[in-house]
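Count along the sequence shown starting at 1, add 593, and that's the number in my numbering.
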Amino acid sequence: MLQTRTSILIKLFFMIIKNIEAKVRLATLVSVGSLIMAVLIVGINSIYAYRVVANARKSIYILDGDLPVLARQTDAQLNRPAEYRAHVNLYHSLFFSLTPDDKFMEYQMKKAMYLVDESGMKQYNDLKENGFFNSILSSSSVLTLQTDSVMLDAKRAYFRYYGKLKIDRRSSTVIRSLITEGYLKDIPRSDNNPHGVLIVNWKTLENKDLQDVAKNSL
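Okay, here's the thing in structure tokens:
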């Protein structure tokens with residue numbers, strides 16, 4: 594009788610041990626599964642967050658003044674050719690649209706030099722040495738530049754500018770054909786260079802008179 598009870602107790606003990614081992618294995622499996630699932634969730638969230646940040650860096654956000662309102666997002670790479678052309682137009686307008694005011698011309702050139710490398714300063718110095726700016730003052734000339742077109746090769750970051758320069762003097766009105774070329778380099782945006790572009794190796798290919806119409810003198 595005693596042996597039977599002992600045998601039953603031993604069997605019960607082993608059953609309890611087996612149940613404990615089974616529960617431990619189950620708990621281990623649940624813990625490992627939870628850990629793997631957590632790692633997967635963190636990994637997926639990290640990839641998603643990285644893509645969101647990467648896409649945000651490619652976009653330009655336009656604000657209405659200083660108020661943080663909803664703005665339309667534009668892919669920067671898709672919009673870049675338009676910015677290149679706008680930058681080229683802005684530079685040429687600053688450099689060539691002048692009035693007989695030395696302070697105004699100095700102001701225009703200072704703004705233009707933020708948009709170009711040393712090749713722009715070289716042309717400015719050459720024109721200054723040749724008396725170009727003094728002639729504007731002495732003849733009270735007003736220079737107005739009209740853009741015809743900007744040919745852009747985005748892959749080479751190359752441009753060719755075509756325009757007409759009107760020189761309105763006291764005695765005559767001169768129309769000149771202006772053709773220049775250069776390359777474009779991306780740089781960080783700033784207040785002085787809002788497009789984030791620098792014109793490099795800028796050259797004037799053509800600057801010749803097309804018309805020279807004398808004014809009637811009274």
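C-beta atoms are modelled at their ideal positions from N, C-alpha and C, and glycine is treated no differently. Fair warning: this is a prediction, and the values are worked out from it, not measured in the lab.
*Sorted by chain position, which residues of the same chain lie with C-beta nearer than 7 Å to Leu758's C-beta, five sequence neighbours on each side aside?*
As a working mapping, residue 758 is identified with position 165 in the sequence shown. Phe689, Leu736, Leu738, Arg769, Leu771.
*How about Leu720 and Tyr684: do their beta carbons lie closer than 8 Å?*
As a position in the sequence shown, residue 720 is number 127, starting the count at 1. As a position in the sequence shown, residue 684 is number 91, starting the count at 1. No. Outside cutoff.
*Is Ala807 helix, strand or coil when you go by DSSP?*
For this step, residue 807 is matched to residue 214 along the sequence shown. DSSP places Ala807 in strand when its eight states are reduced to three.
*When DSSP labels each residue in this structure, what does Tyr677 get in the three-state scheme?*
Numbered from its first residue, the sequence shown carries residue 677 at position 84. Tyr677 falls in the helix class under three-state DSSP.
_Using only the alpha-carbon positions, how far apart do Asn723 and Pro674 sit?_
Within the sequence shown, the letter at position 130 stands for residue 723. Within the sequence shown, the letter at position 81 stands for residue 674. The straight-line gap from Cα to Cα measures roughly 35 Å.
*In terms of residue numbering, what span does the beta strand (DSSP E) encompassing Ser712 cover?*
Sequence index remark: in the sequence shown, residue 712 carries index 119 (1-based). From DSSP, Ser712 is part of no beta strand (DSSP E) but of the alpha helix (DSSP H) over 711-722.
_Sequence-distant residues of the same chain with beta carbon closer than 7 Å to Tyr717, five excluded per side_ = Locating residue 717 in the sequence shown gives position 124, counting from the first residue. Hits under 7 Å: Met702.
_Leu745, buried or exposed, once every other Cβ within 10 Å from all chains shown has been counted against 16_ = Your numbering for residue 745 matches position 152 in the sequence shown. Leu745 is buried by the Cβ-count criterion.
*What is the DSSP secondary structure of Ser686, counted as helix, strand or coil?*
By 1-based counting over the sequence shown, the position of residue 686 is 93. Here Ser686 sits in helix by DSSP.
*What is the residue span of the beta strand (DSSP E) that Tyr755 lies within?*
The count along the sequence shown starts at 1 and reaches residue 755 at position 162. Looking at the DSSP string, the run of the beta strand (DSSP E) that includes Tyr755 is 751-761.
*By how many angstroms is the C-alpha of Val632 removed from the C-alpha of Tyr643?*
The sequence position of residue 643 within the sequence shown is 50, counting from 1. The sequence position of residue 632 within the sequence shown is 39, counting from 1. Using only the alpha carbons, I get a separation of about 16 Å.
*What span of residues does the alpha helix (DSSP H) with Ile729 cover, start to end?*
Position 136 of the sequence shown, counted from the start, is the residue given in the question as residue 729. Residues 725-731.
*Residue from Arg763, Asn785, Leu791 with nearest C-alpha to Asp805*: Along the sequence shown, read from residue 1 onward, the residue named residue 805 stands at position 212. Closest option to Asp805, Cα to Cα, is Arg763.
*For Ser734, which option in Tyr700, Met706, Val743, Asp695 has the closest C-alpha, if you only look at C-alpha atoms?*
Against the sequence shown, residue 734 aligns to sequence position 141. For the residues Tyr700, Met706, Val743, Asp695, the minimum Cα distance to Ser734 belongs to Asp695.
*Below-8 Å beta-carbon distance, Thr766 vs any chain D residue*: Absent here is chain D; the protein component of the structure consists of one chain.
*Could you pull the start and end residues of the alpha helix (DSSP H) that Asp812 belongs to?*
This structure leaves residue 812 out entirely; the chain is present only between 594 and 811.
_Reduced DSSP category for Leu663 - H, G, I as helix; E, B as strand; rest coil_ = Start at 1 with the first residue of the sequence shown, and residue 663 comes out as number 70. Any answer about Leu663 is weak, because its pLDDT of 46 lies below 50 and its placement is not dependable; what the coordinates show is given next. DSSP places Leu663 in coil when its eight states are reduced to three.
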